[in-house]
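Please read the structure below before turning to the comments.
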Amino acid sequence: MTQVEFPSNGSSAANPVELTQESHPPAWKWYDYFTFNVDHKVIGIQYLVTAFVFYLIGGLMAVALRVELATPDSDFLDPNLYNAFMTNHGTIMIFLWIVPSAIGGFGNYLIPLMIGARDMAFPKLNAIAFWLNPPAGLLLLASFIFGGSQSGWTAYPPLSLITAPIAQSFWILAIVLVGTSSILGSVNFIITILMMKVPTMKWDQLPLFCWAILATSVLALLSTPVLAAGLVLLLFDINFGTSFFKPDAGGNVVIYQHLFWFYSHPAVYLMILPIFGIMSEVVPVHARKPIFGYKAIAYSSLAICVVGLFVWVHHMFTSGTPGWMRIFFTISTLIVAVPTGVKIFAWVATLWGGKIRFTSAMLFAIGLLSMFVMGGLSGVTLGTAPFDVHVHDTYYVVAHFHYVLFGGSVFGIYAAIYHWFPKMTGRKLNETWGRIHFALTFIGTNLTFLPMHQLGLQGMPRRVAMYDPQFVNLNQICTFGAFVLGLSVIPFTINIVQSWRKGELAGDNPWQALSLEWTTSSPPLIENWDVLPVVNHGPYEYGHSELQPVGTPEIST
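Numbering of the sequence shown is given in the numbering used here, commencing with residue 4 and proceeding in unit increments.
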């Protein structure tokens, strides 16, 4: 891959001068990761580490919930605390774990590297977007001083208007902060991808992860302000005597549901579209085969972005929606499954006949395929109004949601960590620990969530601490699975800590990949490259004898 020097972008965007040792320090120190740093790589790691801390907190809440549900009676958690744990578990896992890590973490770290930029378009705005997240998390945790929000992660009125109003106000402010961060980040990603890729990179050479982040950012920019508006109105109802959603004062609770779900169903795609992009990067590298259907995968991301804005009412089939609306949104829900299916078939076709290396990254990617297919099939059934009416608010919905978001998003995040950890640190993760981590996670996920389908079909309602004793056996299996899932984090954490300190040196390109982020050193220079690369082939052209895996960039003379 030949090289040429272009004007510097991002944090040192000024003149096309040659970078020297005096331009910046050779590497960031550990304490720089605790500061207001504008380097996109530092911000990406800040997102990932912060999100993982909240993942542990949300996971502990989930284990506590499952301990309570091991018996039919309320004998472990106080009912109000159970409701608070249930509400904040969902909130933390969605808004402070999956979205920040998949978009903020990997998006920030990888996008400039993948398109040949030195930084994001607006580095300071990027840092501000991250630093809105820790206060949001602290607000959520501080809400427990006042009893914790207890109205579920949907915060439906009138329940959210009358239970723990101070805690509910904290919850709303936290989500508004996270939403503001998402909007700022989305603007940054869109401008960066559209305006800052190296001139020699054609649009059909753009890595599929970039297409996924672009679609995700457009979707977030269109939907997030609607949720923010609904939550601000709810905040006014709680604290300032307004009656937007108070039914006894002429308010309309169904309007809140429309405002909430107009964002919160696209939020599913905000969580899964970046993971789809990760899959499209991991699978061809570890299968040593060109990605099947590049354009179909890229366009399907954009199709999900468009169609995903028109499916939200399938969450409201039991909310008095008229028949014509049920029909329309049933059809739109089934249509949105088509571009998702395109991606699934493309990944399977890429695996077919490939020289598969069963690394930890690949194991999690293959595990994601099986999990997401399960979640997708149950999602199609929930998208049809007659079936949804019968299983709405049962554990069937919990099973579907977790197969999509844990079996999908979390498996994808793990695959990304194992794949790009060498790029971030210069060291490989231990594969033995990785396989143990995968085995425990795969077994734990199925033990926890597969029996929930049967619980839902038998009629067990979700979000309750006490239930009919006939459901106790299946619930105990789910609780055992939750403990296995909890234990799975231990080998992962050990692996991360040990490998970061003294793991096997990876070299610049341990996977022999062809995408642009591997043309710089591992870990990358602060400005990514001394001189920016020229793109003369696509990122997935494996099997072409004239192409060699990229390594350290050559320096032009």
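Don't be surprised by glycine CBs; every beta carbon is placed ideally from N, CA and C.
Since this is a predicted model, take the numbers as computed values, not measurements.
Grouping DSSP H, G and I as helix and E and B as strand, with all else coil, what is Asn191?
helix
Have a look at His440 and Thr482 and give me their C-alpha separation to the nearest angstrom.
19 Å
Name the DSSP beta bridge partners of Pro75, please?
DSSP output for Pro75 lists no bridge partner at all.
I need the straight-line Cα distance from Gly275 to Val534, nearest angstrom please.
Here the sequence assigns Ile to residue 275, which means Gly is not the residue at that position. Cα to Cα, Ile275 sits roughly 34 Å from Val534.
Do Val181 and Lys127 have their C-beta atoms closer together than 7 Å?
no
For Arg430, write down the residues that DSSP places opposite it in a beta bridge.
Leu508
Around the C-beta of Trp327, are 16 or more other C-beta atoms found within 10 angstroms, so that it is buried, or is it exposed?
exposed
Cα-Cα separation, Val487 to Pro494:
12 Å
With a 10 Å radius around its C-beta and 16 neighbouring C-beta atoms as the bar for buried, classify Tyr34 as buried or exposed.
exposed
Go ahead and pull the three-state DSSP assignment for Leu528.
strand
With H, G and I counted as helix, E and B as strand and the rest as coil, what does DSSP make of Thr397?
strand
Rounded to whole angstroms, what's the CA-CA distance from Cys330 to Ala349? Just pull it up for me.
Position check: residue 330 holds Ile in this sequence, whereas Cys was assumed. Going by the C-alpha atoms only, they are around 30 Å apart.
Is the distance from the Cβ of Ala418 to the Cβ of Val285 below 7 Å?
yes
Reduced DSSP category for Pro536 - H, G, I as helix; E, B as strand; rest coil:
strand
Would you mind sorting Met123 into buried or exposed? The rule is 16 or more other CB atoms within 10 Å of its CB.
buried
Should Leu197 be labelled buried (16 or more other beta-carbon atoms within 10 Å of its own) or exposed?
exposed
Of the residues Ile347, Ala270, His540, the one placed nearest Gln208, counting alpha carbons only:
His540
Below 8 Å on the Cβ atoms is my contact criterion, and I expect Leu230 with Ile175 to pass it. Report the Cβ-Cβ distance as a whole number of Å.
About 10 Å separates the two Cβ atoms, so there is no contact after all.
Where Gln49 falls, given that 16 or more other Cβ within 10 Å makes a residue buried
buried
Check whether the stretch 375-388 touches the stretch 429-444, counting contact only when three or more Cβ pairs, one atom from each stretch, lie closer than 8 Å.
no
Could you pull out every residue in the same chain whose Cβ sits closer than 8 Å to the Cβ of Ser172, ignoring the five residues on either side in sequence?
Leu238, Ile241, Asn242
Cutting at 7 Å between CB atoms, please list the residues of its own chain near Met282, excluding the five before and the five after it.
Trp350, Ala368, Leu371, Gly415
Let me know the secondary structure DSSP gives Pro464 once reduced to three states.
strand
Report the rounded CA-to-CA distance for Val257 versus Met469, giving the unit in angstroms.
28 Å
Pull up the distance between the alpha-carbon of Val407 and that of Ala306, whole angstroms please.
19 Å
Quick one: Cα of Asn255 to Cα of Ser267, how far?
19 Å
Is it buried or exposed, Ile95, if we count other Cβ atoms within 10 angstroms and call 16 or more buried?
buried
In or out: Gly411 buried (at least 16 other Cβ within 10 Å) or exposed?
buried
So for Tyr545, helix, strand or coil by DSSP?
coil
Determine the contact status of Ala87 and Gly140, defining contact as a CB-CB distance below 7 Å.
no
If we ignore side chains and look at the alpha-carbon of each, how far apart do Pro542 and Val309 end up?
26 Å
On the three-state DSSP scale, how would you describe Leu477?
helix
Can you give me the C-alpha to C-alpha distance between Val66 and Val341, rounded to a whole angstrom?
35 Å
Identify the continuous alpha helix (DSSP H) that holds Glu520 and give its terminal residues.
Neither: Glu520 is in no alpha helix (DSSP H) and is coded neither H nor E.
CA-CA distance, Ser492 and Asn91?
A quick correction: the sequence has Val, not Ser, at residue 492. If I take the Cα positions, the gap works out to 20 Å.
For my contact list, Leu113 and Trp532 are in at a C-beta cut-off of 8 Å; report their separation, rounded to the angstrom.
Between Trp532 and Leu113 the Cβ distance is about 15 Å, and since that is not below 8 Å, they are no contact.
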